[in-house]
Amino acid sequence: WRVHLDRRDPKVHPVWHLIDDAPLLLMIGGTFRALFMDVRARNTKEELDEQKTTWRMLLLLGFALTVTGIFIGLDPFAFFEGIVLIVIPLVVVAAGVSILIRGSLFGRRSRATWSRILLGVGIIAIGASLMLLPGELTAGLIFLLLASWTFSSGIVSIKRLSRGRGGVPEGFFRILGIGILSLLLAGAILFAPDAMITILVEIVALIIILLGIVLIGDGLFLKRRMQRGGAGA
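Residue 1061 in my numbering sits at position 103 of the sequence shown, with consecutive numbering throughout.
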């Protein structure tokens, strides 16, 4: 975490790390930047090393992701409903099972081990409860968490500006913009949830489409490399 110039150790302060070092806006922007950088700067050696992966598979997966992203974008509310009713409860249950297994199979039966077992059981119970709760209530909890995250990030970002320009190495106006936009996003999540569902799901759809395009480009690039290699042989 120090290498990435983070101010909070994610292992020690995971919540503060999300609030201070990883605002939602930065995470979205970083995802798009990483995808575009992958398109613009390919490592030829890595491409050659991956020739065992057939270009047809890359093209197939790329087209599948692109089509999936398009369908998600066409019906954002159906996708969000599936996330709320199916994916999130299953992820929570899986996390609880993982913690429970690690607490049961590894280590002696110390107090810390029993605490991990109880934590796993509790998380599994939460996941099971999410499956039984109305979708509207689960969606409300998700939006409340997102609003709390973005609002806290905005407050922390603006508070850092009190140090002056010299005390903000990331850029005074950059942090100011992140702070203001985070506060506006928190307000939009609370007061215009339907619009935010559409916007956030459309962003997810666009990321999936871009990832599909990247894989298609990788497949075509690998195909050309293999053809040139065969011609040279």
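Even glycine gets a Cβ: it sits at the ideal position worked out from N, Cα and C.
With respect to G1054, I1082 sits close: the two C-beta atoms are nearer than 8 Å. Within the model, the alpha-carbon separation for G1078 versus I1100 is close to 21 Å. Each residue's CA atom was taken as its position, placing S1120 and S1111 some 15 Å apart. Per DSSP, the continuous alpha helix (DSSP H) segment holding E1039 begins and ends at P1034 to G1040. Between T1024 and I1161, the C-beta spacing is not below 8 Å. Secondary structure of L1164 (DSSP, three-state): helix.
Inclusion of V1126 and I1133 in the CB contact set at 8 Å is warranted, their separation being smaller than that value. Short of 7 Å from the beta carbon of I1155, and not among the five residues preceding or following it, lie these beta carbons of its own chain, in chain order: P1034, F1035 and F1038. Collapsing the DSSP output to three states places L1091 in coil. The stretch 1044-1052 makes no contact with the stretch 1102-1110, as fewer than three CB pairs between them are under 8 Å.
Cβ contact annotation for I1167 (same chain, cutoff 6 Å, sequence separation greater than five): T1024 and G1027, in chain order. G1031 carries a helical assignment under DSSP once its states are collapsed to helix, strand and coil. Excluding residues up to 5 positions away in sequence, G1054 lie with their Cβ nearer than 8 Å to the Cβ of G1080 in the same chain. The distance from the Cβ of W1013 to that of L1169 is about 17 Å, inconsistent with a contact at the 8 Å cut-off. The DSSP-derived three-state label of P1151 is helix.
Between the alpha carbons of P1151 and A1105 lies a gap of roughly 10 Å. By the Cβ neighbour-count rule, G1137 is buried, with 16 or more other Cβ atoms within 10 Å of its own. The straight-line gap separating the alpha-carbon atoms of S1056 and S1062 is approximately 10 Å.
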